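With full-length UniProt numbering applied, the sequence shown covers 1 to 227.
Each residue gets a CB set at the ideal place from its N, CA and C atoms; glycine is no exception.
Just so it is clear, the structure is predicted and the values come from calculations on it, not from any experiment.
Each remark here refers to the structure printed beneath this line.
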Amino acid sequence: GKYAGAVLVFSVGSEILYRVWCRVYQCLKSDPASGNKWELNEVIFSNSNLNKTNETTVDRIIHYINSAKRSINLAMYICTVNNIYEALMNAHQRGVQIRVVSCKSMTHSSGSQIQKLIGKGIEVRIDGSLDKLMHHKFCLIDVDWIENFPTKANLGYGKKLVDTPLDILKPIQIPKSGIILTGSMNWTMQAVTNNFDNIMVISNQYIIKQYQMEFQRIWFEFSAASN
Numbered sequence: 001g002k003y004a005g006a007v008l009v010f011s012v013g014s015e016i017l018y019r020v021w022c023r024v025y026q027c028l029k030s031d032p033a034s035g036n037k038w039e040l041n042e043v044i045f046s047n048s049n050l051n052k053t054n055e056t057t058v059d060r061i062i063h064y065i066n067s068a069k070r071s072i073n074l075a076m077y078i079c080t081v082n083n084i085y086e087a088l089m090n091a092h093q094r095g096v097q098i099r100v101v102s103c104k105s106m107t108h109s110s111g112s113q114i115q116k117l118i119g120k121g122i123e124v125r126i127d128g129s130l131d132k133l134m135h136h137k138f139c140l141i142d143v144d145w146i147e148n149f150p151t152k153a154n155l156g157y158g159k160k161l162v163d164t165p166l167d168i169l170k171p172i173q174i175p176k177s178g179i180i181l182t183g184s185m186n187w188t189m190q191a192v193t194n195n196f197d198n199i200m201v202i203s204n205q206y207i208i209k210q211y212q213m214e215f216q217r218i219w220f221e222f223s224a225a226s227n
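In structure tokens form, the structure reads like this:
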């Protein structure tokens with residue numbers, strides 16, 4: 001009796017696990033472009049062997065920039081990496097709308113790529129005060145601009161999404177709701193090669209909406225930069 005009961009429990013449990021696995025597997029196979037059952041979540045660590053690719057951290061950032069189709073909203077305290085500047089300009093040239101907010105104290109610093117973007121006509125806004133720092137470090141890619149901002153945006157997040165394994169060697173499919181790159185890392189050679197820093201890549205709509213609202217709050221508060 002005990003053995004029969006154990007076998008029955010095992011069989012039922014196995015069936016349940018199998019059905020759950022099948023459901024998850026089908027979700028993972030869902031078309032990323034549908035935007036319903038798929039999230040892109042990645043953490044990039046500089047100066048670490050935890051990354052799952054031979055690409056450098058700079059390559060990884062550029063990989064995402066190169067995947068942009070509609071817009072890039074960059075909030076960056078300082079950026080001194082020329083290759084990132086070139087990737088942003090390439091995106092601009094293929095029709096991607098680029099907006100940048102940065103810190104006045106760093107815009108004209110040595111090696112600043114923000115200053116070069118200004119010189120190329122990219123929209124850049126900076127804080128007019130030196131008594132506080134625009135210390136954000138995030139990049140929104142293909143995230144829709146919030147019309148009639150500021151408004152009480154609907155931050156509801158009703159769809160259940162599942163993580164999907166990301167083959168980072170393949171071309172990136174940006175979800176319809178966009179992605180955000182954020183973390184502790186300034187976009188400098190020191191940060192991407194030597195510091196202990198991180199970048200998270202997130203497509204969670206609830207998180208993205210809050211970052212987009214913060215970007216637009218700063219965008220409308222800051223003044224246009226000039227040479």
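Looking only at its chain, what residues have a beta carbon closer than 8 Å to the beta carbon of residue i, apart from the 5 residues adjacent to it on each side?
i	result
Cys79	Tyr85, Ser102, Ser112, Gln113, Ile114, Asn186, Trp187 and Thr188
Lys137	Ala75, Met76, Tyr77, Thr182, Gly183, Ser184, Met185, Asn186 and Trp187
Ala91	Ile65, Asn66, Ala68, Ile72 and Ile98
Leu17	Only weak support is given to the placement of Leu17: the predicted model assigns it a pLDDT of 40, under 50, and the value that follows is read from those uncertain coordinates. Taken in chain order, the list of residues that qualify is empty.
Suppose you measure from the CA of residue i to the CA of residue j; what does that come to, to the nearest Å?
i	j	result
Leu117	Gln216	19 Å
Met134	Asn73	15 Å
Asp131	Asn227	21 Å
Asp144	Glu42	21 Å
Ser46	Leu140	20 Å
Ser110	Asn194	19 Å
Tyr211	Phe220	14 Å
Asp163	Gly178	For Asp163, the pLDDT reaches just 47, beneath the cut-off of 50, and the residue's location in the model is therefore unreliable, leaving the point undetermined.
Thr56	Ile174	20 Å
Please list the terminal residues of the continuous beta strand (DSSP E) segment that includes residue i.
i	result
Gln97	Gln97 to Ser102
Met200	Asn198 to Ile202
Val143	No beta strand (DSSP E) contains Val143, which DSSP labels as neither H nor E.
Glu123	Glu123 to Ile126
Would you check if the distance between the CB atom of residue i and the CB atom of residue j is smaller than 8 Å?
i	j	result
residue 254	Ser105	Lying before the first or after the last residue shown, residue 254 is absent from the chain, which here runs from 1 to 227.
Leu88	Ile65	yes
Gln93	Ser71	no
Asn83	Ile62	yes
Roughly how far, in whole angstroms, is the beta-carbon of residue i from the beta-carbon of residue j, given that I think they are within contact range, below 8 Å?
i	j	result
Val192	Val58	5 Å
Ile218	Ile180	Going by Cβ atoms, the distance from Ile218 to Ile180 rounds to 15 Å, so no, they are not a contact pair.
Lys69	Asp142	6 Å
For the ligand GDP, I want to know if residue i counts as a neighbour, meaning its beta carbon is within less than 7 Å of at least one of the ligand's heavy atoms.
i	result
Phe215	As far as ligands go, the structure on display features none, and thus does not contain the ligand GDP.
By Cβ distance below 6 Å, which residues in the same chain neighbour residue i in space, the five residues on each side in sequence not counted?
i	result
Arg99	Asn73 and Glu123
Ile199	Ile44, Leu181, Gly183 and Met185
Ser223	Gly128
Ile126	Ser102, Lys104, Thr107, Phe222 and Ala225
Asp197	Ser46, Ser184, Met185 and Ala191
Here's a check: name, in chain order, each residue in its chain whose Cβ is nearer than 7 Å to the Cβ of residue i, leaving out the five neighbours to either side.
i	result
Tyr25	Any reading at Tyr25 is ruled out, since the residue's pLDDT is 35, under 50, leaving its predicted position unreliable.
Asn204	Glu39
Lys120	Met89
Ser60	Strictly speaking, residue 60 in this sequence is Arg, with Ser absent from that position. Ile44.
In terms of residues, what are the limits of the alpha helix (DSSP H) holding residue i?
i	result
Met76	Looking at the DSSP string, Met76 is not in any alpha helix (DSSP H); the run it does join, the beta strand (DSSP E), is Ser71 to Met76.
Leu117	Gln113 to Gly119
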